[in-house]
Amino acid sequence: MAATHLSSGATILVFAWEMGAGAALAPVVQALCRRGHRCLVRALPPGLDLLRNRCGESVETAPWESKTCGGLVWDVALGGVGHPTWCPDGAAAWTEINRRGPTVGLMDSWKGLDRFLTPEGSLAEGLAPDRVAVMDEVSASQLHRMGFPPWALRVTGHPGLEQFMSLEPEQWTALRSETRARLGIAADVKVVLLASERLHDHKFHQRCGSGCRGIFFGRPGQDHLWEGILAEERRDTPDVVVLMRPHPNESGDRGGAVRMVTWGEADDRMMLAAADRVYGLSSMLLLQAAMLGKPVNNIRDRLDDWVPENSLMQPETWRAWGGRLGAFPGIVSDVAYHSHRGAIAAVVDLVESLLVSGMTVN
């Protein structure tokens with residue numbers, strides 16, 4: 291049962307199962323609290339750790355367990371939506387939360403837009419939130435074609451990117467020194483960051499198998515892509531450190547040549563502050579690096595058989611941007627920044643609109 295609807299001083303259930311969702315939700319939680327609302331944050335690690343670090347001790351945070359939500363009372367639920375297999379009871383949890391009160395889903399990526407669809411391609415009954423905050427018109431258009439009514443979609447921009455660009459140059463300089471010291475990297479060493487992700491050989495609702503792999507690793511018997519990148523970077527600067535932000539399904543080191551850096555060691559800001567150049571495909575880290583003005587290399591042309599579906603992305607979405615958000619590395623940081631300015635307030639306003647309207651569940 292939902293609590294009484296109020297325009298201020300309301301209780302908001304905020305939940306996230308993935309790191310990207312946690313990074314996008316953190317500034318929204320902070321803004322909701324500044325407006326006098328109480329946020330109950332429930333998340334899976336490592337997103338839980340990020341939310342705790344960025345939201346502070348005044349926000350109630352706890353590990354996500356769907357059974358624990360049964361004893362909570364809230365006015366509106368705000369969820370970062372992820373892959374249905376990331377959280378074992380994810381679909382059931384969304385359905386139950388939708389049943390108990392108004393809901394807002396925050397899409398923090400262009401990937402997996404079919405997460406609220408059935409495997410057959412229709413909207414899953416009871417699974418979709420009442421309102422969906424999306425980061426751009428391309429995502430909204432795709433979701434509308436998938437069956438979402440236009441009134442349920444709100445183009446807000448990406449709250450995490452707006453907060454990301456709020457740091458001042460001197461803060462980035464200090465963070466660069468701090469991160470390199472933490473990772474044991476000298477100030478004059480060139481750091482190359484590999485923003486890894488999984489290549490999938492299956493459809494969105496299916497689980498990963500042996501055919502899925504990280505983008506920087508070749509199939510059995512093939513050379514690894516990171517080996518060629520390392521050789522290229524060492525031609526001009528022999529003293530190079532290659533850091534990799536691994537996908538959660540990737541583990542292990544590469545004999546010292548490539549260092550895996552977990553979220554526990556450094557978050558997205560720290561990794562990018564320490565890096566001099568970034569390689570990747572469709573990771574949000576590439577967009578963030580471009581927004582900072584760092585050299586960005588998209589490896590699309592190095593993947594002979596890649597199609598957008600391998601990254602759980604709609605082909606129309608990829609083509610709409612000519613490759614994610616434009617031909618890398620030609621992304622103008624000022625344009626990227628302005629496209630997400632006001633995103634935090636827009637998501638907060640969307641949440642509060644359900645409070646003001648006293649929306650009830652059908």
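All residue numbers for the sequence shown refer to this note's numbering, where the first residue is 291 and numbers rise by one.
Positions of the beta carbon are idealized from the N, C-alpha and C atoms, including for glycine.
The structure displayed is predicted, hence computed values, not measured ones.
Counting only unbroken stretches of 3 or more residues, the beta strand (DSSP E) elements lying wholly within the segment 406–488 are 421–424, 443–445 and 480–485, in sequence order.
Nearest to residue 320 by C-alpha distance, out of 302, 587 and 310, is 302.
Contact between residue 480 and residue 566 is confirmed by a C-beta separation of about 5 Å, below the 8 Å threshold. Residue burial annotation: residue 467 is exposed, with fewer than 16 other C-beta atoms found within 10 angstroms of its C-beta.
Close CB contacts of residue 349 within its chain, under the 7 Å cut and outside five residues either way in sequence, are with 319, 323, 329 and 331 (chain order). According to the DSSP assignment, residue 330 belongs to the beta strand (DSSP E) that extends over 328–333.
Of the residues 574, 336 and 641, the one whose Cα lies closest to the Cα of residue 586 is 574.
In the pairwise beta carbon analysis, the segment 396–409 is classified as touching the segment 432–446: at least three pairs are separated by under 8 Å. In the structure shown, the three-state DSSP call for residue 560 is helix. Boundaries for residue 393: no alpha helix (DSSP H) harbours it, while the beta strand (DSSP E) harbouring it runs 393–396, taken from the DSSP string. Between residue 572 and residue 603 the beta-carbon gap is near 6 Å, inside 8 Å, which marks them as a contact.
Residue 303 is bridged by DSSP to 330 and 367. Taking 8 Å as the upper bound for CB-CB distance, residue 413 and residue 483 are not in contact here, some 38 Å apart.
Judged by DSSP secondary structure, residue 587 falls within the beta strand (DSSP E) whose first and last residues are 586–588. In the structure shown, the three-state DSSP call for residue 385 is helix. One thing to note: residue 457 has its Cβ no nearer than 8 Å to the Cβ of residue 560. Judged by DSSP secondary structure, residue 341 falls within the alpha helix (DSSP H) whose first and last residues are 337–345. Under DSSP, residue 533 takes part in a beta bridge, and its partners are 483 and 549. Counting C-beta atoms within 10 angstroms of its own C-beta, residue 535 has 16 or more neighbours from the protein chains shown and is therefore classed as buried. A Cβ-Cβ distance of about 6 Å is found for the pair residue 490 and residue 600, placing them in contact under the 8 Å criterion.
Under the DSSP assignment, residue 568 falls in the beta strand (DSSP E) whose first and last residues are 567–570. Rounded to the nearest whole angstrom, the CA to CA distance from residue 357 to residue 421 is 24 Å. When 454, 554 and 400 are compared, the shortest CA-CA separation from residue 605 is found for 400. Leaving aside the five residues that flank residue 386 on each side, the residues in its chain whose CB is nearer than 8 Å to its CB run, in chain order, 356 and 359. Exclusion of the five residues before and after residue 427 leaves 445 as the residues of its chain whose Cβ lies within less than 6 Å of its Cβ. The C-alpha of residue 407 lies about 37 Å from the C-alpha of residue 583.
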